[in-house]
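For the sequence shown, the working numbering gives the first residue as 80, with consecutive numbering after it.
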Amino acid sequence: MVGSFVDEYRFILELMMAVLPMPFIACEKKKNFGIRFSVAIAVIAAVATIKPFVVQYWLALPVAAKNTLFIAWYVFITLLVFACVLITFEISLNDAILFLVAGYAVQHVCYVIVCELLTYFSPILQQSVAVYVAVNIGVSVVLCTLYSFVFSKCRKSNGKIMDDSPLATVLLTLFLAFLIGSAFAFQYFFNVKNDLYIKLLSTISDIIASVLISLVTLFVVYSCSQRYETELLEMRRENDLENYRFFLDTVDYLNVKFHDMKHQLNALYERNEIDAQEYDDITDTINAYGTLINTGNAEIDFILSDKSLKCHAQGIHFSAIVDGS
Numbered sequence: 080m081v082g083s084f085v086d087e088y089r090f091i092l093e094l095m096m097a098v099l100p101m102p103f104i105a106c107e108k109k110k111n112f113g114i115r116f117s118v119a120i121a122v123i124a125a126v127a128t129i130k131p132f133v134v135q136y137w138l139a140l141p142v143a144a145k146n147t148l149f150i151a152w153y154v155f156i157t158l159l160v161f162a163c164v165l166i167t168f169e170i171s172l173n174d175a176i177l178f179l180v181a182g183y184a185v186q187h188v189c190y191v192i193v194c195e196l197l198t199y200f201s202p203i204l205q206q207s208v209a210v211y212v213a214v215n216i217g218v219s220v221v222l223c224t225l226y227s228f229v230f231s232k233c234r235k236s237n238g239k240i241m242d243d244s245p246l247a248t249v250l251l252t253l254f255l256a257f258l259i260g261s262a263f264a265f266q267y268f269f270n271v272k273n274d275l276y277i278k279l280l281s282t283i284s285d286i287i288a289s290v291l292i293s294l295v296t297l298f299v300v301y302s303c304s305q306r307y308e309t310e311l312l313e314m315r316r317e318n319d320l321e322n323y324r325f326f327l328d329t330v331d332y333l334n335v336k337f338h339d340m341k342h343q344l345n346a347l348y349e350r351n352e353i354d355a356q357e358y359d360d361i362t363d364t365i366n367a368y369g370t371l372i373n374t375g376n377a378e379i380d381f382i383l384s385d386k387s388l389k390c391h392a393q394g395i396h397f398s399a400i401v402d403g404s
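Put into structure tokens, the structure is as follows:
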């Protein structure tokens, strides 16, 4: 019974250590996060506690039925972790599925390394629960930390990663189903076959499959982030161009008004209604706001003209020498 409890909590701990760092890195927490998270963890722990008692009623069932219930149980626990992410973080459905796929792949690598490879070749892991738990935690911390670090580097932009399209949801769900199915298939060969060669082959194949899937998720994160970053830069460029067009229209309008003001200013100066200093100051201001820097490049014109106006407002002399050759 103790072993059953340990295995249940081992699976949950490994899965949550693999899944949760990603939404913590990429997403905002929902309101009342502490309460939501505590309730979710309590529910998952309560369900896990029930399993060893429920298994007793499975023993009389046919092997196929027991295996089906066994798989369904762990799928159910996985979905509970998925629900925990959804109710505690501001996250899209597809991003949550992507994180679950990645986390499950990393968790399964931890499982295979400790519960198959190391346990099979090291009797002490079979004899001591404390050593078994310590090794599990150590391997999980190393692998989950490594994946989370690479994930943070691959994620280049803020906000959601995946599109919200139904097609993406279906593909990610199929990807998750394939991952879970292949994991249990490889486990079956390891547990049923007594041949050491088959055990090693199934274990290595299992690790390779899970590692490849985790690498695919990292590629998806990186490529989606790159695309969103490109789209964001394009949106900013379009916004800058729109601001520049508005700036041009404003300058054209002001030039007409400033032209009229210059005539009125000259008339006032000729009638000695303003002195030379006032005349020069007003003329400089009109020239500053009515002169547009023209380099032949719209973006550069806007930037330099904007800086020129800001410098004039602060009493700073600004001049631009542009050589495009």
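Built from N, CA and C at the ideal position, the CB exists for glycine as well.
Since the model is a prediction, treat every value here as computed from it, not as a measurement.
Check: Should the region 253-266 be regarded as contacting the region 222-241, the criterion being three or more beta carbon pairs within less than 8 Å?
Finding: no
Next item on the list: Please name the residue or residues paired with F168 in a DSSP beta bridge.
Entry: On the sequence shown, residue 168 is found 89 positions in, with the first residue counted as 1. Answer is K108.
Next item on the list: Inspect the beta-carbon positions of Q186 and L279 and report whether they are closer than 8 Å.
Entry: Here residue 186 is taken as the residue at index 107 of the sequence shown, counted from 1. Here residue 279 is taken as the residue at index 200 of the sequence shown, counted from 1. No; because the gap between Cβ atoms is not below 8 Å, this pair is not in contact.
Notebook entry, point to check: M241: buried (16+ other C-beta within 10 angstroms of its C-beta) or exposed?
Noted result: To locate residue 241, count along the sequence shown from 1; it is residue 162. Buried: at least 16 other Cβ atoms inside 10 Å.
Notebook entry, point to check: Would a C-beta distance cut-off of 8 Å place I150 and I91 closer than the cut-off?
Noted result: What you label residue 150 is simply residue 71 of the sequence shown in a count that begins at 1. What you label residue 91 is simply residue 12 of the sequence shown in a count that begins at 1. It is not a contact, given that the beta carbons lie outside the stated cut-off.
Margin query: For L297, tell me which candidate among L275, D359, F228 and Y358 has the shortest Cα-Cα distance.
Written below: Locating residue 297 in the sequence shown gives position 218, where the first residue counts as 1. Among L275, D359, F228 and Y358, the Cα nearest to that of L297 belongs to F228.
Margin query: My assumption, with CB atoms under 8 Å, is that A175 sits in contact with V164. Please give the rounded CB distance.
Written below: Numbered from 1 along the sequence shown, position 96 holds the residue referred to as residue 175. Numbered from 1 along the sequence shown, position 85 holds the residue referred to as residue 164. Indeed they touch by this definition, with Cβ atoms about 5 Å apart.
Margin query: Just checking F263 against the ligand GTP - is the residue's beta carbon closer than 7 Å to any of the ligand's heavy atoms?
Written below: By its list of ligands, the structure shown contains no ligand whatsoever, and the ligand GTP lies outside what it can speak to.
Item checked: Within the region 312-341, ranges of the beta strand (DSSP E) (whole runs, at least 3 residues) -> none
Item checked: Nearest residue (CA-CA) to I292, options V300, Y348, L258 and M340 -> In the sequence shown, counting from the first residue as 1, residue 292 sits at position 213. Residue L258 is the option with its Cα nearest to I292.
Check: Run through DSSP, which three-state label would V81 get?
Finding: Indexing the sequence shown from 1 puts residue 81 at position 2. Note that V81 scores a pLDDT of 40, beneath 50, so its modelled location is shaky and nothing firm can be said.
Next item on the list: Look at the Cβ atom of V193, then the Cβ atom of L255, and state whether they are nearer than 8 Å.
Entry: Against the sequence shown, residue 193 aligns to sequence position 114. Against the sequence shown, residue 255 aligns to sequence position 176. Taking 8 Å as the Cβ cut-off, V193 and L255 do not qualify as a contacting pair.
Check: So, using beta-carbon positions, are A121 and E87 closer together than 8 Å?
Finding: Counting from 1 along the sequence shown, the entry for residue 121 is found at position 42. Counting from 1 along the sequence shown, the entry for residue 87 is found at position 8. The answer is no: Cβ separation not under 8 Å.
Checklist line | Beta-carbon proximity check, R89 vs N270, cutoff 8 Å | finding: In the sequence shown, counting from the first residue as 1, residue 89 sits at position 10. In the sequence shown, counting from the first residue as 1, residue 270 sits at position 191. Not in contact: R89 and N270 (Cβ atoms no closer than 8 Å).
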